[in-house]
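Here the sequence shown is numbered in the numbering used here, starting from 141 and rising by one per residue.
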Amino acid sequence: MAEATTADGAAGLPAAARRVAAALEAAGHPAVIRIFPDSTRSAAEAAAAVGCRTEEIVKSLIFRRSSDDAAVLVLIGGADRVDTAKLALVVGSKTGRADADFVRRTTGYAIGGVPPLGHATAAVVVMDEGLMALSTAWAAAGTPHAVFETTPADLARITGAVIAAVAATPAA
């Protein structure tokens with residue numbers, strides 16, 4: 141595993157991770173971006189690489205708001221799924237899952253490495269309230285091999301997220 145800090149080692153990171161490092165630094169977040177040889181594309185892969193629970197991985201999921209075609213970024217725990225009806229209430233319109241082209245165009249990143257900040261265009265950001273129960277969380281840092289550690293409170297602050305209950309209720 142290679143590590144680089146946003147303050148002194150970002151030059152050694154892949155270009156996409158450098159953009160995340162710059163966004164973290166601009167937001168005043170002193171995160172260390174970790175690069176892994178194995179994929180961190182899925183929540184399970186990221187948890188295995190980091191050595192944490194899947195619940196501690198933050199998924200950055202892009203939806204497309206029907207009313208205006210805006211990008212909606214949902215930050216949710218690695219073991220959770222988004223309830224699109226709940227999300228529609230929060231963002232004021234139905235949403236649909238974005239395709240890979242829309243994700244890359246609006247975020248500047250490929251699916252599997254989409255970070256919670258540093259996107260090409262502004263998005264509506266919604267963070268599931270379930271993340272707030274965690275003491276620490278890990279989010280993608282621009283590539284399917286890069287993550288950074290944060291707290292849910294810091295994540296909400298640096299992304300400007302609206303905190304709401306958008307996770308699907310587990311089946312009984």
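Every residue, glycine too, gets a C-beta built ideally from N, C-alpha and C.
Per DSSP, what kind of secondary structure is residue i in: helix, strand or coil?
i, result
"residue 242", "helix"
"residue 222", "strand"
"residue 290", "strand"
"residue 215", "strand"
Cα-Cα, which of the options is closest to residue i?
i, options, result
"residue 246", "202, 184, 156", "202"
"residue 303", "310, 309, 292", "292"
"residue 225", "206, 166, 281, 275", "206"
"residue 299", "152, 193, 198, 182", "198"
"residue 190", "175, 274, 204", "175"
"residue 187", "271, 287, 208, 155", "287"
Can you give me the C-alpha to C-alpha distance between residue i and residue j, rounded to a whole angstrom?
i, j, result
"residue 141", "residue 232", "Model confidence at residue 141 stands at a pLDDT of 40, short of 50, so the residue's coordinates are unreliable; what they give is reported in the following sentence. If you take the alpha carbons of residue 141 and residue 232, they lie about 42 angstroms apart."
"residue 278", "residue 239", "24 angstroms"
"residue 156", "residue 309", "34 angstroms"
"residue 204", "residue 193", "29 angstroms"
Stretch pair the segment 153-167 + the segment 253-266: three plus CB contacts closer than 8 angstroms: Touching, yes, given that three or more Cβ pairs across the two stretches are closer than 8 angstroms.
Secondary structure, beta strand (DSSP E): runs of 3+ residues fully inside the segment 185-209: For the segment 185-209, the full-length beta strand (DSSP E) segments reaching 3 residues or more read 197-205 along the chain.
Touching by the beta-carbon criterion (3+ pairs, under 8 angstroms), the segment 263-274 and the segment 177-187: Contact between the segment 263-274 and the segment 177-187 is absent, with fewer than three C-beta pairs closer than 8 angstroms.
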